[in-house]
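Working notes, beginning with the structure itself.
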Amino acid sequence: MGSITLEQIEHLHRRFKQISGDQPTIRKESFDRIPDLEFNPLRSKIVRAFFDKRNLRQAPDGLADEINFEDFLTIMSYFRPIEMNMDEEQLDHFRKEKLKFLFHMYDSDNDGKITLQEYRKVVEELLSRNPHLEKESARSIADGAMMEAASICVGQMEPDQVYEGITFEDFLKVWQGIDIDTKMHVRFLNMEPIAHCH
Amino acid sequence: MRLEMRQVPLAEGLLALPAARAQDKSSGDHTAVSGPHSFQIVSFKWEHVQEPYIIALWILVASLAKIVFHLSHKVTHVVPESALLIVLGLFLGGIVWAADHIASFTLTPNVFFFYLLPPIVLDAGYFMPNKLFFGNLGTILLYAVIGTVWNAATTGMSLYGVYLSGIMGQLDIGLLDFLLFGSLIAAVDPVAVLAVFEEVHVNEVLFIIVFGESLLNDAVTVVLYNVFDSFVAMGADNVTGVDCVKGIVSFFVVSLGGTFVGIVFAFLLSLVTRFTKHVRIIEPGFVFVISYLSYLTAEMLSLSAILAITFCGVCCQKYVKANICDQSSTTVRYTMKMLASGSETIIFMFLGISAVNPDIWTWNTAFILLTLVFISVYRVIGVVLQTWVLNHYRVVQLEIIDQVVMSYGGLRGAVAFALVALLDEKKVKEKNLFVSTTIIVVFFTVIFQGLTIKPLVQWLKVKRSEHREPKLNEKLHGRAFDHILSAVEDISGQIGHNYLRDKWSNFDRKILSRVMMRRSAQKSRDQILNIFHELNLKDAISYVAEGERRGSLAFIRSSSTDNMVNVDFSTPRPSTVEASVSGLLREKASSVCLDMQALEQRRKSIRDTEDTVTHHTLQQYLYKPRQEHIHLYSRHEIIQNEDEKQDKEIFHRTMRKRLESFKSTKLGINQPKKLNKSHKRDRGQKRVRGINAIPNGKIPSENPVQGFTLKEKGIDNPAFSADDDQSIYVKFPPWLSNEDSVVPSQRARVQLPYSPNNFRRLTPFRLSNKSVDSFLLADGPEERPRAFLPETTHM
Chain H
1 MGSITLEQIE HLHRRFKQIS GDQPTIRKES FDRIPDLEFN PLRSKIVRAF FDKRNLRQAP
61 DGLADEINFE DFLTIMSYFR PIEMNMDEEQ LDHFRKEKLK FLFHMYDSDN DGKITLQEYR
121 KVVEELLSRN PHLEKESARS IADGAMMEAA SICVGQMEPD QVYEGITFED FLKVWQGIDI
181 DTKMHVRFLN MEPIAHCH
Chain G
199 MRLEMRQVPL AEGLLALPAA RAQDKSSGDH TAVSGPHSFQ IVSFKWEHVQ EPYIIALWIL
259 VASLAKIVFH LSHKVTHVVP ESALLIVLGL FLGGIVWAAD HIASFTLTPN VFFFYLLPPI
319 VLDAGYFMPN KLFFGNLGTI LLYAVIGTVW NAATTGMSLY GVYLSGIMGQ LDIGLLDFLL
379 FGSLIAAVDP VAVLAVFEEV HVNEVLFIIV FGESLLNDAV TVVLYNVFDS FVAMGADNVT
439 GVDCVKGIVS FFVVSLGGTF VGIVFAFLLS LVTRFTKHVR IIEPGFVFVI SYLSYLTAEM
499 LSLSAILAIT FCGVCCQKYV KANICDQSST TVRYTMKMLA SGSETIIFMF LGISAVNPDI
559 WTWNTAFILL TLVFISVYRV IGVVLQTWVL NHYRVVQLEI IDQVVMSYGG LRGAVAFALV
619 ALLDEKKVKE KNLFVSTTII VVFFTVIFQG LTIKPLVQWL KVKRSEHREP KLNEKLHGRA
679 FDHILSAVED ISGQIGHNYL RDKWSNFDRK ILSRVMMRRS AQKSRDQILN IFHELNLKDA
739 ISYVAEGERR GSLAFIRSSS TDNMVNVDFS TPRPSTVEAS VSGLLREKAS SVCLDMQALE
799 QRRKSIRDTE DTVTHHTLQQ YLYKPRQEHI HLYSRHEIIQ NEDEKQDKEI FHRTMRKRLE
859 SFKSTKLGIN QPKKLNKSHK RDRGQKRVRG INAIPNGKIP SENPVQGFTL KEKGIDNPAF
919 SADDDQSIYV KFPPWLSNED SVVPSQRARV QLPYSPNNFR RLTPFRLSNK SVDSFLLADG
979 PEERPRAFLP ETTHM
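Residue numbers (the working numbering), protein chains in the order written: chain H, 1 to 198; chain G, 199 to 993.
Encoded structure:
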């Protein structure tokens, strides 16, 4: 996992208590207390991600009903910024962890691949905030994106082959060029101790 | 402070001879002495046209020079164009001087600041990658403000210190003069940076930092320059603490004021373009005029004009690009680029010419040399220090290599020269020395550093800009990302970058866009949609290109209307694309010009009928070539293209029929497999085996299918296979069968082409609005056929 500083933990703990209303655990409804979240098109998926047992490393499947602070921290740790002193292997592992988190968000039925339907749902939700965009356009976009992913991942397809869905390996390939390490992080209020250059 | 424009003896010299001859002929032309002796059929009126003629000539010379330079690819690869232009300027100036011993045209500050600089800065602002710019704004501001002040102070003071030590000999300078000089030589120049960096292609973060710095430091430069200029005028003894404080305050006023002016004009511009729907022809004019006004207004109020026009461009780009029609957008883009490029060319050429002016040359080895040394050294130190501080706050760290490029890329250019030319000789006694030094510094940075930066970048293996095609997935995931991150920020109770950005985009969507964007634009203005559009267009182009490569578009030549196309993508031949339609169509980063006139010019490789076929295909399929003006001569109106609505319809409808191939196996596709097999031709050949859409049940009876099989390489159109196949089709009118017999799209069976970048998203072509793709099924019954689409019966 890696480390979060003590200050960050304290801050998150305070936040946890806020969300849970001083209870030891949070439920899905607790997230309703966060007003800004309402406008986020991916709200449901994100909240769900907090309870996803795969992310919580508890089980390969299923949703938890409530999570405690430790689980909360576990999820938050996916968004740590990279630390300066990580080596190649750690970086790679780090990156994979983050991508796995994303993958779980897309793959709602836990079957290990993102099918066209799931993809469509994601895209629809994503574009749902734009009131002028019709559902069909969203759908076509999802289809187009799927085809693109297929061409990246599979290259030449046999005529009888049907592309079933994006597996995690394919997902990695799609994200290969993109610097997820630098983008997928949230800066916590208290800064990390200034890294030494040596 | 004005330098008068001096006559251009070159032109005069050239024309003196014929003028003299003309004078002889028209002996009666001396109006002063006596009246004309006879009627002059033709007279030579040089003075009448002198000024505009000379200006036009110089522009012509500069542009011709550009052509000449680019003839030799080897040279331009190594030497930056700006350097070549300076050398040319020196050369030309030398000729003039040798011929007449008079100094020729110089780059006057007025011309520079009023006419040559604004287009360049506007171009920079209008095409500024906003996300990148504002994402790195903190960094940019730090370098621009603190860095420039640091450079100015240290350079000025060090020179003063050296002067005191006596090495420079006797000069009539005080500390303030040195500080003044320091402030004008300290600023990194946007023109030079652009000129050099655009040939180097460093990664975008690095570029935006250096370039952003060069733009935003104008405020600092303006303030420092004015402050020290007036201090020098007041005299060193009269400067009080109050004046210093005033100087600092003026910095904030100038910079924020300039920005504010820019934003106000951007707002105006966006608002105006919202209503220009009926005056499309002059739409581009608004962009230029209003932006220019912002520049002049800021200049009038003694605020930072560069900041004003930069922020005008930066803030308006989104709304203007949404509001104005495609043709205007293209016009704006090209005009801006042309003006900017032209200005740049002229600036550098005149920098060279202005140097050949013996009056101004004062040589002081120590001063010049030390200036060069100091600006380089202090730049390096400044960059290193600031980067060290910044890296604590930045996620993407700036490494040593980046710092090297940043230090080395801090070029000085024409702005410094113009500023120094503006100095008042009476107040700044050593003006000529300053001018000479500035010229040498500018030449050194542009020529020497410009020449060597490319090898340096390569040697250091700086991360280059990745030129990647826009990928739909990236956009989608990127968007999802942003939302996720802001959600997490909300949950963890931070006010982070994403939170702010989210808030801004909400505000923008609810209020700003409503006010400033046309209603129609608001609907369709979505980045993801745009990428999708673009990609589809590219596919269509690739399709045509493929046709060209084969030498013929025979594979879509057919007089039947329910033709399904089979394209063999597996063996792309080396293409001779240059003189082809697709070469023309493949214009980078621009709305594609499907100009029929242009298309017609490139007919060499395509036979006439095929050309028409292509045209009709494209027209039907994705986009109508928008430039198909109805040929009424009218300067005030472009006849509205009624097809625009149809475009949207086509787009939506076509996209709906996309790739059902990804319907998971749960939707049975067993049946089609059988159909598929019956159409397989040669197994030996790697080819497309496709099932053609089950055509409209009516069609087989209306249009007898031709047994049309091309014997060419890999082209086989199962649509025109034996008649028995037709019967199968008839049995399953698509909208009547149930979901289980969904035929996967032809594309699903296609061997995806050689390179994953091509043909990703081609949907099966339908050459008729009547044919219905079977996989529409799953989405529900097809709506009524589009009556307004042109029939393809005349193919």
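Where is the CB? At the ideal position from N, CA and C, for every residue including glycine.
What you are looking at is a predicted structure, and each value in this text was computed from that prediction instead of being measured.
Locate the beta strand (DSSP E) running through Arg120 (chain H), then write down its first and last residues.
Annotation: Arg120 (chain H) is outside any beta strand (DSSP E); the continuous alpha helix (DSSP H) that includes it extends over 116 to 126.
Do you know whose CA, among H:Arg139, H:Glu10, H:His104, lies nearest Thr167 (chain H)'s CA?
From the listed residues H:Arg139, H:Glu10, H:His104, the smallest Cα separation to Thr167 (chain H) is found for H:His104.
Considering only heavy atoms of the ligand SAH, does any lie closer than 8 Å to the CB of Phe405 (chain G)?
Among the ligands in the structure shown, none appear at all, so the ligand SAH cannot be discussed.
On the DSSP bridge list, what partners appear for Leu63 (chain H)?
According to the DSSP secondary-structure assignment, Leu63 (chain H) is paired through a beta bridge with H:Asp52.
Just how far apart, CA to CA, sit Glu672 (chain G) and Leu378 (chain G)?
For Glu672 (chain G) and Leu378 (chain G), the distance between alpha carbons rounds to 49 Å.
Among the residues of its own chain, which have a CB less than 6 Å from the CB of Ile638 (chain G), if the five just before and after it don't count?
Within the same chain, Ile638 (chain G) has close Cβ partners Ile566.
Could you say if the region 536 to 553 of chain G and the region 277 to 292 of chain G meet the contact criterion of at least three C-beta pairs nearer than 8 Å?
Touching, yes, given that three or more Cβ pairs across the two stretches are closer than 8 Å.
Quick one, which of G:Gly410, G:Phe310, G:Phe646 has its alpha-carbon nearest Leu339 (chain G)'s?
Nearest to Leu339 (chain G) by alpha-carbon distance, out of G:Gly410, G:Phe310, G:Phe646, is G:Gly410.
What does Ser684 (chain G) reach in chain H if we use C-beta pairs closer than 7 Å?
Asn40, listed in chain order.
Got a sec: is the Cβ-Cβ distance from Asp22 (chain H) to anything in chain G below 9 Å?
Nearest CB-CB separation between Asp22 (chain H) and chain G: not below the 9 Å threshold.
Listing by chain order, which chain H residues have their CB less than 7 Å from the CB of Asp688 (chain G)?
Ordered by position in chain H, the residues that pass the 7 Å Cβ test against Asp688 (chain G) are Ile34, Asp36, Leu37.
Just reading off the beta strand (DSSP E) that Thr25 (chain H) is part of, what are its end residues?
In the DSSP assignment, Thr25 (chain H) falls within the beta strand (DSSP E) that extends over 25 to 27.
Take every Cβ of the region 316 to 326 of chain G, pair it with every Cβ of the region 495 to 513 of chain G, and state whether three or more of those distances are shorter than 8 Å.
Note that the region 316 to 326 of chain G touches the region 495 to 513 of chain G; at least 3 beta-carbon pairs, one per stretch, sit closer than 8 Å.
Whole-angstrom C-beta distance between Ser539 (chain G) and Pro482 (chain G), which should lie under 8 Å:
With a contact defined as Cβ atoms closer than 8 Å, Pro482 (chain G) and Ser539 (chain G) miss out at about 17 Å.
Relative to the alpha-carbon of Trp561 (chain G), which residue among G:Asn630, G:Trp702, G:Glu245 has its alpha-carbon at the smallest distance?
With distances taken between Cα atoms, Trp561 (chain G) lies closest to G:Asn630.
Determine the burial state of Trp348 (chain G): buried for a count of at least 16 other Cβ atoms within 10 Å of its Cβ, exposed for fewer.
Per the 10 Å Cβ criterion, buried.
Would the region 37 to 46 of chain H and the region 683 to 690 of chain G be scored as touching if the rule is three or more Cβ pairs under 8 Å?
Because the criterion of three Cβ pairs below 8 Å is met, the region 37 to 46 of chain H and the region 683 to 690 of chain G touch.
Short check: CB of Gly456 (chain G) to CB of Ile406 (chain G), under 9 Å?
No Cβ-Cβ contact shorter than 9 Å links Gly456 (chain G) with Ile406 (chain G).
Against chain G, with Cβ distances strictly below 9 Å, would Ile9 (chain H) count as a contact?
Judged by the 9 Å Cβ criterion, Ile9 (chain H) is not in contact with chain G.
Does Ala48 (chain H) come within less than 9 Å of chain G when only Cβ atoms are used?
Here residue 48 (chain H) is Arg; the residue named in the question, Ala, does not match the sequence. Put simply, the CB of Arg48 (chain H) is far from chain G, with every gap to its CB atoms at 9 Å or more.
If distances are taken between C-alpha atoms only, which option among H:Glu169, H:His13, H:Leu6 comes closest to Gly112 (chain H)?
When only C-alpha atoms are compared, the closest one is H:Glu169.
If you reduce the DSSP assignment to three classes, tell me which class Ile371 (chain G) lands in.
Note: Ile371 (chain G) maps to coil in three-state DSSP.
Cβ atoms of Leu617 (chain G) and Tyr423 (chain G): under 9 Å apart, would you say?
Cβ atoms of Tyr423 (chain G) and Leu617 (chain G): closer than 9 Å.
Contact set between Leu733 (chain G) and chain H, taken where Cβ atoms lie within less than 9 Å
From the beta-carbon of Leu733 (chain G), the residues of chain H found nearer than 9 Å are Gly144, Glu148.
DSSP on Asn704 (chain G), reduced to helix/strand/coil?
Collapsing the DSSP output to three states places Asn704 (chain G) in a helix.
Can you name the residues of chain G whose CB is closer than 9 Å to the CB of Leu126 (chain H)?
In chain order: Leu674, Arg677, Ala678, His681, Ile726.
Shorter than 9 Å from the beta carbon of Asn415 (chain G) to some beta carbon of chain H?
Contact of Asn415 (chain G) with chain H is not assigned, every C-beta pair being separated by 9 Å or more.
If we require 4 or more residues per run, which alpha helix (DSSP H) segments fall completely within the region 362 to 431 of chain G?
For the alpha helix (DSSP H) assignment, the uninterrupted runs of no fewer than 4 residues enclosed by the region 362 to 431 of chain G are, from N- to C-terminal side, 373 to 384, 388 to 395.
What does Thr167 (chain H) pair with, by DSSP beta-bridge criteria?
Bridge partners of Thr167 (chain H): H:Lys113.
Spatial neighbours of Gly445 (chain G) within its chain, please: CB distance less than 6 Å, with the 5 preceding and 5 following residues excluded, ordered by chain position.
So the list reads Val425, once near-sequence residues are dropped.
Cα separation between Val578 (chain G) and Arg610 (chain G)?
The alpha-carbon atoms of Val578 (chain G) and Arg610 (chain G) are separated by roughly 14 Å.
Kindly indicate which three-state DSSP category Val593 (chain G) falls into: helix, strand or coil?
In the structure shown, the three-state DSSP call for Val593 (chain G) is coil.
Taking only beta-carbon atoms, is Tyr741 (chain G) less than 9 Å away from chain B?
Of the protein chains in the structure, H and G, none is chain B.
Close beta carbons around Gly580 (chain G), own chain, < 7 Å, minus the five adjacent residues each side:
Scanning its chain for C-beta atoms nearer than 7 Å, with the 5 sequence neighbours on each side dropped, one finds around Gly580 (chain G) the residues Gly345, Trp348, Asn349, in chain order.
Give the single residue among G:Arg699, G:Glu744, G:Lys736 whose Cα lies nearest to the Cα of Asp36 (chain H).
Cα-wise, what sits closest to Asp36 (chain H) is G:Arg699.
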